[in-house]
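Q: Could you have a look at this structure, given as structure tokens, before my questions?
Protein chains: 2
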Amino acid sequence: MDLVCERNKLNSAVNNAQKAVSERSTLPILEGILLKTDNNTLTLTGNNTELAIRCRIESDVKEQGSVVVSSKIFSDIVKRLPDNRVHIEYKKDHNNIVTLRSGNSKFDILGIDPIDFPDIPKIISDNFITISAKKFNNMIKKTIFAVAQDETKPVFTGELLSIDNDEIRLVALDGFRLAIRNDKMDRNYGTNKVIIPGKNLSEISKILSDIDGDITIIFDDKSVQINTEEITIVSRLLSGNFINYEKIIPTEYKTRVIADTREFQDSIERASVILRDEKSNTVKLNINNNRIEITSSSEHGSVYEEMAANVEGLDIEIGFNSKYLIEILRAIDDESICMEFTNNVGPCIIKPIDGNSYIYFILPVKLAR
Amino acid sequence: MDLVCERNKLNSAVNNAQKAVSERSTLPILEGILLKTDNNTLTLTGNNTELAIRCRIESDVKEQGSVVVSSKIFSDIVKRLPDNRVHIEYKKDHNNIVTLRSGNSKFDILGIDPIDFPDIPKIISDNFITISAKKFNNMIKKTIFAVAQDETKPVFTGELLSIDNDEIRLVALDGFRLAIRNDKMDRNYGTNKVIIPGKNLSEISKILSDIDGDITIIFDDKSVQINTEEITIVSRLLSGNFINYEKIIPTEYKTRVIADTREFQDSIERASVILRDEKSNTVKLNINNNRIEITSSSEHGSVYEEMAANVEGLDIEIGFNSKYLIEILRAIDDESICMEFTNNVGPCIIKPIDGNSYIYFILPVKLAR
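Chains as they are written, first to last, in this note's numbering: chain A, 2 to 370; chain B, 2 to 370.
What follows is the structure, encoded as structure tokens:
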């Protein structure tokens with residue numbers, strides 16, 4: 002392999018491919034990035050067998066070839082290269098050494114034979130959608146916090162991606178809260194449901210942050226593939242059935258509150274200041290007379306907050322895990338929110354005043370008497 | 002105690018006082034901040050018995066008093082207060098509760114009787130200097146990295162502050178390198194030498210970053226006191242004799258190199274990329290023919306760097322701990338540096354091309370053959 006490419010493009014490709022590289026693996030090759038030429042393109046691939054990311058950059062290739070290099074060492078070198086012109090050379094018979102040259106610097110690092118580098122699953126399917134990268138990333142960022150962290154029900158460590166004609170929906174739930182984001186696409190794409198692992202979506206989200214324009218998402222039974230102009234991402238899917246979450250969302254309410262989102266969030270955050278351990282993490286809402294009283298207490302003291310709100314229906318006193326409530330409020334950009342309650346043992350639904358771009362659902366905690 | 006003050010001033014005073022509060026102490030009162038009124042001033046004091054910081058803010062005091070509050074809880078509350086107007090109230094008979102009110106928020110937190118809060122040492126002395134805060138802070142920041150981290154020789158966990166008429170000097174050394182910064186003051190202040198604990202200087206440096214104008218530094222045998230307009234900092238001194246470091250600085254050299262500081266630093270940093278553990282941390286310099294060759298090697302590979310430099314005297318091949326060398330180079334703002342070598346087992350001296358604002362000294366490491 003013998004090629005010349007640009008440091009800045011190489012650096013951004015390494016940073017992206019690295020997101021699918023194992024931090025620590027019993028197989029050293031999984032801690033590596035595969036460099037491979039394809040005519041005048043250099044591809045960089047990270048693949049931890051759950052998630053694979055392949056990035057393409059233009060390159061002036063004198064001699065085709067492929068080699069795996071340590072992801073950590075290679076990325077540390079690339080980001081410090083003194084000149085934007087980088088020369089990469091690898092000859093198998095030369096002690097497996099990969100040589101990088103840039104400016105007056107020369108780096109010799111160990112190359113690994115790519116023969117054992119895992120293949121990326123090939124997706125052959127007619128099921129696909131096209132959506133703006135920003136839109137899809139926004140849906141991930143505003144639901145991902147509700148993905149289950151423990152593995153007792155593996156299916157809830159993923160998010161349900163549901164396609165229904167021109168509607169796209171992401172759903173995450175962890176047994177205490179539920180996060181749903183809806184958006185529209187430009188045309189109908191039939192129906193489809195897949196479950197994508199949450200930790201892969203987190204990495205995908207970081208990559209999409211830098212992407213303008215559209216992405217294509219292709220599905221088969223086992224995998225989902227996301228294509229941008231220069232990057233191909235393949236994630237395995239989770240098997241199993243997602244819960245019928247729509248059934249658990251109440252359609253009626255006894256109390257309905259319209260409140261300023263930031264004012265409510267700030268109040269809950271202030272009330273949480275004295276809640277410093279898992280055991281005492283409850284904020285209490287007392288809703289009456291067009292007013293929300295927010296109180297909390299712990300061994301460290303107590304907090305009383307009060308804010309105006311538009312309240313319709315019955316008075317209610319209800320407690321929530323403050324961390325869960327704050328995470329939901331942080332995911333909402335709207336100036337005002339609508340909260341619906343049935344009673345103080347049933348869920349609270351948080352949704353927009355107009356439209357259905359999101360639904361959040363949070364279970365209350367029992368109040369100490 | 003009953004007073005009204007401004008949140009923003011209170012917040013910055015809490016942040017400063019907090020730097021002298023124990024993170025974890027067997028005495029809960031040392032994890033607290035002392036609030037104390039003095040006519041129309043509120044003082045906030047943190048005191049871990051090694052370092053004390055007292056901050057004064059204007060306050061509308063209705064009833065004088067004092068109380069200690071948990072530093073963590075109090076600072077978390079203050080930074081989130083909704084309104085710039087803060088009302089603080091404490092009545093001993095009211096279950097020792099301190100009440101903060103701001104906007105529609107009310108916080109009740111536990112107050113601790115201030116009777117056991119440690120006194121700040123009083124310094125009665127005619128020994129003092131006046132110097133710009135920025136200047137003194139710059140001297141700290143550019144020497145503090147060379148303070149010894151291990152406690153085997155306690156005196157080297159501090160920095161020597163030496164006053165000689167209108168000259169001020171800070172010295173840190175850890176057995177592998179030595180860092181000296183010199184500056185001038187506006188007038189003569191006699192002579193004085195004290196050793197200030199490095200970890201206290203780190204906290205002092207953070208406070209001085211926000212201070213414009215001059216500070217006064219007062220010394221006695223046991224303590225040093227730094228006064229700004231609104232803050233009083235008292236640090237205990239380390240006892241013992243600092244090494245006669247001037248004796249170990251060579252006055253002659255066999256090789257003298259003038260090099261571009263950033264280019265040299267970048268080369269050393271690149272050569273360090275493959276040096277990933279304590280055992281193999283050596284960069285080798287090969288100085289000859291108006292050129293510095295920088296090489297390194299480890300199990301991860303090898304690096305070769307080369308840069309032009311102005312070399313006078315004998316050729317030399319010498320090795321250094323890359324981390325130590327990088328820390329020194331990062332502390333130098335000058336465009337070019339002068340390096341002097343005697344031989345490859347003697348120290349390297351790094352100093353400015355003109356003047357004596359700094360002297361750094363680094364011992365070489367033996368090169369493997």
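Note that the Cβ used here is the ideal one computed from N, Cα and C, for glycine as well.
1. How close, in whole Å, do the beta carbons of B:ILE116 and B:MET2 come, if the pair is a contact with beta carbons under 8 Å?
2. Where does the unbroken beta strand (DSSP E) through B:TYR305 begin, and where does it stop?
3. CB-CB under 6 Å to A:CYS339, same chain, minus the five flanking residues each way: which ones, in chain order?
4. Assuming B:PRO251 and B:PRO365 make a contact with CB atoms under 8 Å, what is their CB distance in whole Å?
5. Opposite A:SER323 in the DSSP bridges: which residues?
6. Against chain B, does A:PHE265 count as a neighbour if the rule is that its beta carbon must be under 8 Å from one of theirs?
7. For A:VAL79, report the span of its alpha helix (DSSP H) as first-last.
8. DSSP three-state call for B:LYS285: helix, strand or coil?
9. Using DSSP with H/G/I as helix, E/B as strand and the rest coil, what is A:LEU368?
10. In the DSSP output, which residue or residues are listed as bridge partners for B:GLN226?
11. Consult DSSP for B:ALA14 and reduce its assignment to one of helix, strand or coil.
12. Go ahead and label B:ALA369 buried or exposed: buried means 16 or more other beta carbons lie within 10 angstroms of its beta carbon, across all protein chains shown.
13. Just how far apart, CA to CA, sit B:TYR361 and A:LEU239?
14. What in chain A is Cβ-close to B:ARG81, meaning under 7 Å?
15. For B:PHE108, go through chain A and note every residue whose CB falls closer than 7 Å to its CB, in chain order.
16. Rounded to whole angstroms, what's the CA-CA distance from A:SER358 to A:ILE350? Just pull it up for me.
17. How about A:ASN49 and A:ALA18: are their beta carbons less than 8 Å apart?
18. Determine whether the Cβ of A:ASP77 lies closer than 8 Å to any Cβ atom of chain B.
19. Confirm, please, whether the CB-CB distance from B:ASP221 to B:ILE113 is below 8 Å.
20. Is the separation between the beta-carbon of B:ASN287 and that of B:SER323 shorter than 8 Å?
21. Comparing the C-beta of A:GLU307 with each C-beta of chain B, is any distance below 8 Å?
22. Could you tell me the boundaries of the beta strand (DSSP E) in which A:ARG170 lies?
23. Restricting to Cα atoms, I'd like to know which of B:SER299, B:SER13, B:ALA134 is closest to B:ASP278.
24. Apart from the five residues just before and just after A:ALA272, which ones in its own chain have a Cβ nearer than 8 Å to its Cβ?
25. Given that a residue counts as buried once 16 or more other Cβ atoms are within 10 Å of its Cβ, and exposed if not, what is B:SER106?
26. Work out the CA separation of A:ARG178 and A:THR256 for me, nearest whole Å.
27. To the nearest angstrom, how far is it from the Cα of B:SER23 to the Cα of A:ASN311?
28. Going by beta-carbon coordinates alone, are B:THR144 and B:ASP165 separated by less than 8 Å?
29. Starting from the beta carbon of A:SER71, find every residue of chain B whose beta carbon is closer than 8 Å, and list them in chain order.
30. Who are the near neighbours of A:GLU32 in its chain, counting only those whose CB is closer than 8 Å to its CB and skipping five residues on each side?
31. Please go through the segment 322-355 of chain A and give each complete alpha helix (DSSP H) segment of 4 or more residues, from N-terminal end onward.
32. Could you check whether B:MET140 and B:ARG188 sit closer than 8 Å to each other, using their CB atoms as the reference points?
33. Expressed to the nearest angstrom, what Euclidean distance is found between the alpha-carbon atoms of A:GLU313 and A:ASP261?
34. Should A:THR229 and A:ILE216 be called a contact, given that it needs their Cβ atoms to be closer than 8 Å?
35. Could you give the C-beta distance for B:VAL87 and B:VAL15, rounded to a whole number, given that I count them as a contact under 8 Å?
36. For A:SER106, list the residues DSSP reports as bridge partners.
A: The structure says:
1. Their Cβ separation, rounded to whole angstroms, is 15 Å, which puts B:ILE116 and B:MET2 out of contact at 8 Å.
2. Counted as a single uninterrupted DSSP element, the beta strand (DSSP E) harbouring B:TYR305 occupies residues 302-309.
3. ILE259, LYS352, ILE354.
4. In fact, because the Cβ distance is near 13 Å, the residues do not count as touching under 8 Å.
5. For A:SER323, which the question treats as bridged, DSSP gives no partner whatsoever.
6. No, A:PHE265 does not count as interfacial toward chain B.
7. Per DSSP, A:VAL79 belongs to the alpha helix (DSSP H) from 72-81.
8. Strand.
9. A:LEU368: coil per DSSP, three-state reduction.
10. Residue pairing of B:GLN226 in beta bridges, as defined by DSSP: B:ILE219, B:VAL235.
11. Shown here, B:ALA14 sits in a helix according to DSSP, grouped into three states.
12. So B:ALA369 ends up on the exposed side.
13. Going by the C-alpha atoms only, they are around 58 Å apart.
14. Chain order gives the chain A residues near B:ARG81 as GLU270, ARG271, VAL274, where near means a beta carbon separation below 7 Å.
15. Think of a sphere of 7 Å around the beta carbon of B:PHE108: the chain A residues whose beta carbon falls inside it are GLY302, VAL304, in chain order.
16. Our two residues, A:SER358 and A:ILE350, have alpha carbons roughly 13 Å apart in a direct line.
17. Contact: no.
18. Yes, contact with chain B.
19. In this structure, B:ILE113 lies away from B:ASP221, with their beta-carbon atoms at least 8 Å apart.
20. The answer is no: Cβ separation not under 8 Å.
21. Closer than 8 Å to some Cβ of chain B, the Cβ of A:GLU307 qualifies, so yes.
22. For A:ARG170, the enclosing beta strand (DSSP E) has its first and last residue at 168-174.
23. Closest in alpha carbon position to B:ASP278, among B:SER299, B:SER13, B:ALA134, is B:SER299.
24. The beta carbon of A:ALA272 lies closer than 8 Å to those of VAL284, ILE295, THR296, SER297, VAL304, GLU306, SER323 in the same chain, with the five residues before and after it left out.
25. It is buried - the Cβ of B:SER106 has at least 16 other Cβ atoms within 10 Å.
26. If I take the Cα positions, the gap works out to 19 Å.
27. Going from the Cα of B:SER23 to the Cα of A:ASN311 covers about 45 Å.
28. The criterion of a C-beta distance shorter than 8 Å is not satisfied by B:THR144 and B:ASP165.
29. HIS301, listed in chain order.
30. So the qualifying residues of the chain are VAL22, SER23, GLU24, ARG25, SER26, SER71, SER72, LYS73.
31. Unbroken alpha helix (DSSP H) runs of no fewer than 4 residues, entirely contained in the segment 322-355 of chain A, are found at 323-331, following chain order.
32. For the 8 Å CB-CB criterion, B:ARG188 and B:MET140 do not form a contact.
33. Whole-angstrom Cα-Cα distance: 15 Å.
34. Contact check for A:THR229 against A:ILE216 passes: the beta carbons are separated by less than 8 Å.
35. With 8 Å as the limit, B:VAL87 and B:VAL15 do not qualify as a contact, their Cβ atoms being about 11 Å apart.
36. A:SER103, B:GLU306.
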